[in-house]
Amino acid sequence: MKRRTALLAAPVVLLGGCFSGSGDAGADGADRIRLALAFPPVAALSPWTDDAVLLTRMGAAESLVVFDASGTAQPQLATSWESVDERTALVDLRADVVFHDGTPMDAEAVAGSLNAAAAAADPPLRVLAGVGLTATAVDEDTVQVQAAQADPLLVQRLGAPALVVLSPAAYTDGAAPDPVGHGTGPYAITAVQGAESATLDAATGYWDGTPAADGVDVRFVDDAGARAAALRAGELDVVQGIPIAQLATLSDDERVVTTSLPRVTALSLNTASGVFTDPGLRAAAVAAVDPGPVVDGVFEGQADEAPGLLTDATLGAAARPAPSLPAAADPAGASIRLATYDDRPELPEAAAVLAEQLRGAGFTVEVVVQTYATLEPDLLAGAFDAVLGSRLTLLDTGDPIGYFGTDHTCEGGYNLARLCDPAVDAAVAAAGELTDPVARRQAAADLEAAVLSTGAVVPVLHEQSRTGVAQAVQGVGEDPFERQVVTVATTTGR
3 MKRRTALLAA PVVLLGGCFS GSGDAGADGA DRIRLALAFP PVAALSPWTD DAVLLTRMGA
63 AESLVVFDAS GTAQPQLATS WESVDERTAL VDLRADVVFH DGTPMDAEAV AGSLNAAAAA
123 ADPPLRVLAG VGLTATAVDE DTVQVQAAQA DPLLVQRLGA PALVVLSPAA YTDGAAPDPV
183 GHGTGPYAIT AVQGAESATL DAATGYWDGT PAADGVDVRF VDDAGARAAA LRAGELDVVQ
243 GIPIAQLATL SDDERVVTTS LPRVTALSLN TASGVFTDPG LRAAAVAAVD PGPVVDGVFE
303 GQADEAPGLL TDATLGAAAR PAPSLPAAAD PAGASIRLAT YDDRPELPEA AAVLAEQLRG
363 AGFTVEVVVQ TYATLEPDLL AGAFDAVLGS RLTLLDTGDP IGYFGTDHTC EGGYNLARLC
423 DPAVDAAVAA AGELTDPVAR RQAAADLEAA VLSTGAVVPV LHEQSRTGVA QAVQGVGEDP
483 FERQVVTVAT TTGR
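The sequence shown begins at 3 in the working numbering and counts up one residue at a time.
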């Protein structure tokens with residue numbers, strides 16, 4: 003494959019003031035996007051940490067593939083791919099991509115980026131754990147990626163934010179790649195002020211067209227109320243994560259971009275100890291839960307009642323079997339402790355509504371609310387009878403089978419219900435071997451029915467993301483994985 007001559011990227015000079023309270027673009031007219039992200043970086047924006055998603059949200063870095071609403075891989079820095087065998091794929095690269103430092107993105111650079119992530123990340127990246135990934139340049143525009151053993155998700159793994167492709171110069175520190183000036187996105191990072199803010203300028207020669215704005219000025223603001231207030235004051239153009247409680251405070255000068263997410267709010271029932279070791283009492287709890295008042299009341303209609311653990315978009319054309327529960331037993335006043343966390347502001351109120359429903363069915367309920375960090379050890383240890391939590395069902399690979407493995411098997415690392423059912427484990431293992439995407443979706447639907455038939459978990463709702471924008475803003479990313487906020491098309495309208 004012949005590589006076309008790459009255009010060199012030159013940074014745009016930063017002209018305007020940042021986060022002007024007046025809401026204008028500065029005296030010189032620079033059109034810069036003023037963005038607030040909900041979580042600050044914790045590791046200098048290293049893609050090998052949870053900071054990776056910040057890089058994609060601000061438009062600085064990109065992966066080889068992205069996911070559509072069903073979790074299916076779609077081209078980004080890669081144009082196409084083909085499976086050679088069960089553990090090998092050939093990936094064709096875009097021939098007109100340059101890194102922000104002017105270096106062409108060729109197969110050697112991509113292979114180096116992937117191999118660095120596979121070999122040097124400490125601790126190992128979650129998406130590559132046990133994979134044994136190696137990447138080799140075949141020619142200028144083709145990379146061979148290979149796993150140590152058969153891997154149906156090999157190409158899907160390349161869409162994880164941790165595997166964004168950076169310039170070779172980003173890897174001088176083997177422990178932490180430096181994304182500043184080394185990405186491929188529509189905007190190049192020029193400065194990072196710790197956990198407070200970052201500055202990006204439009205990347206000229208960007209492969210997907212000219213960025214609509216001159217740059218992006220990012221604030222990292224973990225206080226949701228402060229983010230919403232800054233949007234109302236005209237200090238920001240785009241605000242990630244507008245809480246439902248703040249929606250009524252927005253004026254006609256602001257609007258909210260809403261996207262349905264593959265994220266389920268569900269009630270997990272402890273099957274290993276306490277009241278809910280009895281399948282009949284689990285069935286009684288399932289029958290007691292009515293999602294309607296939670297969706298319409300607590301979430302003010304800003305969520306979708308869950309038809310199951312997975313969204314309809316995730317399952318696509320797969321048939322969703324109905325679960326089969328045992329006969330419900332009489333709770334007879336059985337006492338349970340229901341825990342949730344207040345990091346997601348709607349959860350405590352939702353827990354209160356569900357607690358009343360359970361009381362109406364004959365349970366005695368104590369609700370425990372703490373921060374997630376405080377609560378997590380007890381959640382994982384099975385210290386509560388029930389846990390109301392929020393969980394993304396399409397993880398790093400965009401594949402729901404992995405969610406069932408981590409959350410609903412005997413050895414699952416996030417099994418809040420402490421479910422250990424040999425039939426479920428066997429079904430998860432069998433589904434993981436499937437290579438056909440359609441077959442995997444149907445297997446996921448069957449797994450959902452198997453898990454729900456145990457009564458171990460009660461799906462309540464599927465969440466929506468809410469991005470607040472100034473009225474004139476256009477082109478904000480509507481990504482069900484919440485990985486893209488600023489795009490090449492985002493403009494302030496000023």
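Cβ atoms here follow ideal geometry from the backbone N, Cα and C, with glycine treated the same way.
Since the structure is predicted, the reported quantities are computational estimates derived from the model, not experimental observations.
- In the displayed model, P293 falls within a helix according to three-state DSSP.
- Put simply, the backbone Cα of R322 is about 40 Å away from that of Q473.
- Closest option to S72, judged by alpha-carbon separation, among P482, V490, T492 and A491: P482.
- Residue range V67 to F69 is occupied by the beta strand (DSSP E) that includes F69.
- In the three-state DSSP reduction, L390 falls in the strand class (E or B).
- In this structure, the alpha-carbon of G61 lies about 15 Å from that of G161.
- Between V266 and the set A190, A315, A111 and V99, the nearest pair of CA atoms involves A315.
- For F222, the beta-bridge partners assigned by DSSP are L39.
- Straight across, the Cα-Cα distance linking V297 with P350 is about 14 Å.
- Distance from the Cα of D345 is smallest, within the candidate group G187, G211, G243 and Q76, for G243.
- Assignment of R468 by DSSP, reduced to helix, strand and coil, places it in the strand class.
- Around the C-beta of Q304, 16 or more other C-beta atoms lie within 10 Å, and the residue is accordingly described as buried.
- Remark: C-beta atoms of G391 and N272 do not approach each other more closely than 7 Å.
- Less than 7 Å divides the Cβ of A419 from the Cβ of A458.
- Fully contained in the stretch 243-277 is no alpha helix (DSSP H) run of length 4 or more.
- Considered as a whole, the stretch 77-147 harbours 109-122 as its complete alpha helix (DSSP H) runs of no fewer than 4 residues, in chain order.
- Scanning its chain for C-beta atoms nearer than 6 Å, with the 5 sequence neighbours on each side dropped, one finds around A352 the residues V296 and V300, in chain order.
- For S455, the enclosing alpha helix (DSSP H) covers residues P439 to S455.
- Taking a contact to require three or more Cβ pairs closer than 8 Å, the stretch 449-456 and the stretch 325-336 qualify as touching.
- In the three-state DSSP reduction, L202 falls in the strand class (E or B).
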